[in-house]
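Undergrad: Residue numbers (my numbering), protein chains in the order written: chain A, 685 to 1263; chain B, 11 to 113.
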Amino acid sequence: MKTLNTILFTILTLIVSGAAQAADAVASAVVSAVAPASAIVAAAAPAAESPLNWNAIIMFLLFVAVTLVITYWAATRTKTATDFYAAGRGITGLQNGMAIAGDYMSAASFLGIAALVYMNGFYGLIFSVGWLVGWPIILFLIAERLRNLGKYTYADVVSFRLKQGPIRIMAAISSLIVVIWYLIGQAVGAGQLLHTLVPQISYRTAIVVVGALIIIYVTFGGMKATTWVQIIKAGLLLGGATLMALGVMSHEGFSFEKLFSDAVAIHPKHLDIMKSVVPIGAKANPIESISLGLTLMFGTAGLPHILMRFFTVTDAKAARKSVLYGTCFIGFFYILTFIIGFGAIVLVANKPEYVADISKSILALKGGGSMPAVYLSHALGGDFFLGFIAAVAFATILAVVSGLTLAGASALSHDIYASVIKKGKATEKEEVWVSKMAVIGLGIIAVLLGIAFEKQNVAYIVALTFSIAACTNFPILVLSIFWRGLTTRGAVLGGYTGIIGSIGLLIIGPTVWTKVLAMGPAIFPYDFPTFVVLPTVLIVAYIASVTDNSESGKKEKEAYDAQLIRAETGLGAETSASH
Amino acid sequence: MSLLIASKIQNNPKYLQLVKQRDTLSWTLSALVCIMYFGFILLIAFAPQIITQPISDTSVIPLGMIIGVGVIVASALLTGVYVYKANTTFDPIVLEIVQEASK
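(1) Compare the C-beta of C1155 (chain A) against all C-beta atoms of chain B and say whether one is closer than 8 Å.
(2) So what does L987 (chain A) bridge to, in DSSP terms?
(3) I want to verify the contact list: residues of chain B whose CB lies under 8 Å from the CB of G843 (chain A), in sequence order.
(4) Within 7 Å: the Cβ of G814 (chain A) and any heavy atom of the ligand FAD?
(5) Using the beta-carbon of each residue, which ones in chain B are nearer than 8 Å to G1015 (chain A)?
(6) At least one CB of chain B closer than 8 Å to the CB of Y1244 (chain A): is that the case?
(7) Distance cutoff 8 Å, beta carbons only. Does K1005 (chain A) sit that close to anything in chain B?
(8) Quick check: the region 1018 to 1029 of chain A against the region 947 to 961 of chain A, are at least 3 beta-carbon pairs closer than 8 Å?
(9) Contact criterion: CB-CB distance below 8 Å. Does A1311 (chain A) meet it with respect to chain B?
(10) Quick one: which unbroken alpha helix (DSSP H) runs of 4-plus residues sit fully inside the region 1014 to 1100 of chain A? Chain order, please.
(11) Going along chain B, which residues have a C-beta under 7 Å from M981 (chain A)?
(12) Hey, is A711 (chain A)'s beta-carbon within less than 8 Å of any beta-carbon in chain B?
(13) On the three-state DSSP scale, how would you describe I964 (chain A)?
(14) Out of A:W815, A:I754, A:S858, A:F747, point me to the one whose CA is closest to Y1180 (chain A)'s CA.
(15) By DSSP, does V863 (chain A) sit in helix, in strand, or in coil?
(16) For the region 809 to 823 of chain A, list every residue whose C-beta sits within 8 Å of some C-beta in chain B, in sequence order.
(17) What does Q20 (chain B) touch in chain A if you count any residue whose Cβ is under 8 Å from its own?
(18) Could one say the Cβ of P58 (chain B) lies closer than 8 Å to chain A's Cβ atoms, at least one of them?
(19) V775 (chain A) bridges to which residues according to DSSP?
(20) In the DSSP assignment, what residue or residues form a beta bridge with P64 (chain B)?
(21) Contact check, W819 (chain A) vs G1010 (chain A) under 8 Å by CB: the rounded distance?
(22) For the alpha helix (DSSP H) containing Y887 (chain A), name the first residue and the last one.
(23) Rounded to whole angstroms, what's the CA-CA distance from V715 (chain A) to H879 (chain A)? Just pull it up for me.
(24) Determine the direct distance from the alpha carbon of I1014 (chain A) to that of L42 (chain B), and round the result to whole angstroms.
(25) Take R840 (chain A) and list the residues in its own chain whose beta-carbon comes closer than 6 Å to its own, dropping the five residues that flank it on each side.
(26) Examine chain B for any beta-carbon lying closer than 8 Å to the beta-carbon of L987 (chain A), and answer yes or no.
(27) Give the straight-line distance between the Cα atoms of G78 (chain B) and D787 (chain A), rounded to the nearest whole angstrom.
(28) Could you confirm whether any beta carbon from chain A is found closer than 8 Å to the beta carbon of I54 (chain B)?
(29) Within 10 Å of its beta-carbon, does S1077 (chain A) have 16 or more other beta-carbons around it, so buried, or fewer, so exposed?
(30) Do E1240 (chain A) and L846 (chain A) have their C-beta atoms closer together than 8 Å?
(31) Just to check my reading of the structure: L73 (chain B) and I61 (chain B) have Cβ atoms closer than 8 Å, yes? What is that Cβ distance to the nearest angstrom?
(32) Given that a residue counts as buried once 16 or more other Cβ atoms are within 10 Å of its Cβ, and exposed if not, what is A893 (chain A)?
(33) Cα-Cα, which of A:F811, A:A909, A:W757, A:W1197 is closest to Y769 (chain A)?
(34) Look at the alpha carbon of S1229 (chain A) and the alpha carbon of Q1247 (chain A), and state the distance between them as a whole number of angstroms.
(35) At 7 Å on the CB atoms, spell out the chain B contacts of Y1018 (chain A), in chain order.
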C-alpha cells in the first residue's frame, strides 16, 4: 500500500530527527563533560556542566535494541487482525500474567508510591492496597467471561446482545478519554524523568523519542510486540525492585523493626509517619478516603488497556491463570515499593548529595518529588545501579504507553471504524490499516499533549482516568455480563452519566477548580467523585432499562440466554490462530 | 453455536447448577475482598486510632501496616482459591456439558 509506505517513511523521518536532536545534545555534553564524577550530583544542575550519565544511556539503548529486534520478529508474524489486536490469541497464562503486571505497574506506581511513602510514610500503603484489590474482582467477575464473549475490545462484550452503534460509540468515547489522559500523564512523566536523569536530553526530545518508539512497536509489531515489551519490562522492574528492597533490608540487618525505627528517627515528622492516615498535614476526611478506595478498586477493573489483555490468551482457563500470576507479581511489587519508600527515608533523606537545600528541608530532593526511588538506587549501588533503575523506569513508561496506544487505536478502528462506520463490512486488512493509522495519530497526539502539559500539574490525571474507568466501563461491563434486564437504552444512558458525571465533578472539584483553574473554593468538595457517580450510573442504567418496553429491548433481554451459555461454557468463543 | 446445542445446554440441569455454583463462588469471593478492603478503608476513615496503634509497646510498626499487607496477601490467596476451584471443579463440568450437548 502506497499510503502506508509514505506514513512509515514519515515516522522514520520523525525518529531520525528525534535521534539527531538527541545526538546533538549528547555531542555537546561530551565536549563539555569535564570529569566523570558522580552523575547524580549533577542531575539537577544545568545541562552544560553535567557529565553524561552513560550507565543510564547504555542500558536504555540496550533495552531499545532488544525491543526493536522483538518488534521485527513480531512484525514478521503479524498477518491477521487477530495477530495485530490479540497476538493471535497464543499468549500463555504465565506470559499474560507477566504482561498484565508490565501493563499495570506504571512508572507512576513505582516512583509514585515510593515517593508517597517517602513523604508520608504509612499513608502510601493505602494506595498499594487499593491498586491491588481490583485484581481479584477482575478474576471473579470479569476475566473468563470477557475472554469468552469478546473479540478485541471490551465493547465487543457490552454490545454482544445490545445495539452495536450507540454502545460502541459510548464505549469508544470513554476508552479514548481514559487512554488519552493516561497517555498525557505517562508522556509528561517520561519527559521529566529522562530530562532529570540525563539533562543533556531535553524534555521535548525525550517525549519525541517515547512517541516514536511506541509508534514503531505498535504499528509494526501489534499486540505481539507490545506483549513482549511488557513481559521484559515486568521482569526488569520486578528484578530491579527486588534488588533495591534486598539492598535496603541488608542495610537494616533484615529487620523491619529496625528499618521503621530508623525511618521514624530520620524523618522530620518522626512518629507521625506511622500515625497519619492522610497526607501529612492534611485533614482527615472519611468520605474522601472511601471514594478513593472505590476509585482505585473499580477503576482497575475498567481500564481498557488492561481488559484488552484478556483477548490475547488461548482460552478462559489461561485468562484465569493469568490474573493469578498477575496479582501475585503486582502484590509482591507493591510490598517492595513500600520497603523502597522507607528505605529512601533512611538512605536518601538528609544526604547533601541528593537533597536540594538541606538547610530548608531534609526531604525535598533535587529533580523533584518523584526521585526517592531513583536516588535510593544510587545510594545502594552507585552510578551503575542508578543507570539500571533509570533505564527500567523508562522501559516501564514505554511498555505502559504501548498498551494504552493499542487499546485506544482498537477503540477507533474496531469499534468506530469497522463496527459503526462500515457496519461490520470492513475487511480485516482495512481495519488493521485504520488501526495502524490510529496508532500513529495517538502517538503524535501524546507527543503534542505531553509537550503542551510540560509545566502543568498532572497529578489529577490519575484521578480522572481511574474515575471514568470506575464509573463507566466497570459498571456497564458488569451489568451487561450479569444482568439480563440491561437494554441498550440503560447501557447508553448509564454510560454517558458515568462519563459526564465524573468529568463534570472533577472539573468543579478541588484539584481542577481550585488548583488548576484557580477559581477559588471548589463547588464539589471531593477529589474523587466515584462515591456519587458510581451509584448514580447504576440507578440510571437500572431505571432506563426497566422502563424500556421497546421491541428491541425485549429481544435484548431474550438474547441473554445465548450470551450466558457462551460466557459460561466458552462455546463459540474466539479461538486462537492456527498458524 | 446451533440452536439445538443451545437448547440442549439450556435444559441440562448440570448447566443450571454450574451457573449457580460459579456465580455463588464469584460473588462470595468478591464480597469477601470488598469486606476486607472496605473494612480497612472504613477503619482508616472512622477509626484511625485503631489503625495507627503500634503492634506492641516497643514497636513503631502500626497495626494498619499489618492489616494492609494482610489484605494484599489475602487477595492473592483468594485468587488462588478461585483458580483452584475453577480448574478442579468447574472445568470438568463444562467439558461434560459441552460433550453431552454435541452428541
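Here a beta-carbon is modelled for each residue, glycine too, at the ideal position from N, C-alpha and C.
TA: On the basis of the supplied data:
(1) no
(2) Looking at the DSSP assignment, L987 (chain A) forms no beta bridge with any residue, so it has no partner.
(3) The amino acid occupying residue 843 (chain A) in the given sequence is Ser; Gly does not appear at that position. Correct list: empty, because the minimum Cβ distance to chain B is about 18 Å.
(4) Here there are no bound small molecules, and the ligand FAD is not part of this structure.
(5) I82, V83, S85, A86
(6) no
(7) yes
(8) yes
(9) In the structure as shown, chain A begins at 685 and stops at 1263. Residue 1311 (chain A) is therefore absent and cannot be evaluated.
(10) 1056 to 1094
(11) Y47
(12) In this prediction, A711 (chain A) scores a pLDDT of 37, lower than 50, which makes its location untrustworthy; the coordinate-derived value is nonetheless stated afterwards. Closer than 8 Å: no.
(13) coil
(14) A:S858
(15) helix
(16) L809, I810, S812, V813, G814, L816, V817, W819, P820, I821, L823
(17) D1245, I1249
(18) yes
(19) Correcting the residue identity first, residue 775 (chain A) is Ile in this sequence and not Val. DSSP lists A:V997 as partners of I775 (chain A).
(20) B:P72
(21) 7 Å
(22) 887 to 935
(23) Here V715 (chain A) scores only 33 on pLDDT, less than 50, and its place in the model is too uncertain to base an answer on.
(24) 20 Å
(25) The sequence as given places Asp at residue 840 (chain A); Arg does not occur at that position. Result list for D840 (chain A): G834, in chain order.
(26) no
(27) 23 Å
(28) yes
(29) According to the sequence provided, residue 1077 (chain A) is Ala. The question's Ser does not apply to it. That one is buried.
(30) yes
(31) 6 Å
(32) At residue 893 (chain A) the sequence reads Val, which differs from the Ala that was named. Looking at its Cβ environment, which holds 16 or more other Cβ atoms inside 10 Å, V893 (chain A) is buried.
(33) A:A909
(34) 18 Å
(35) I82
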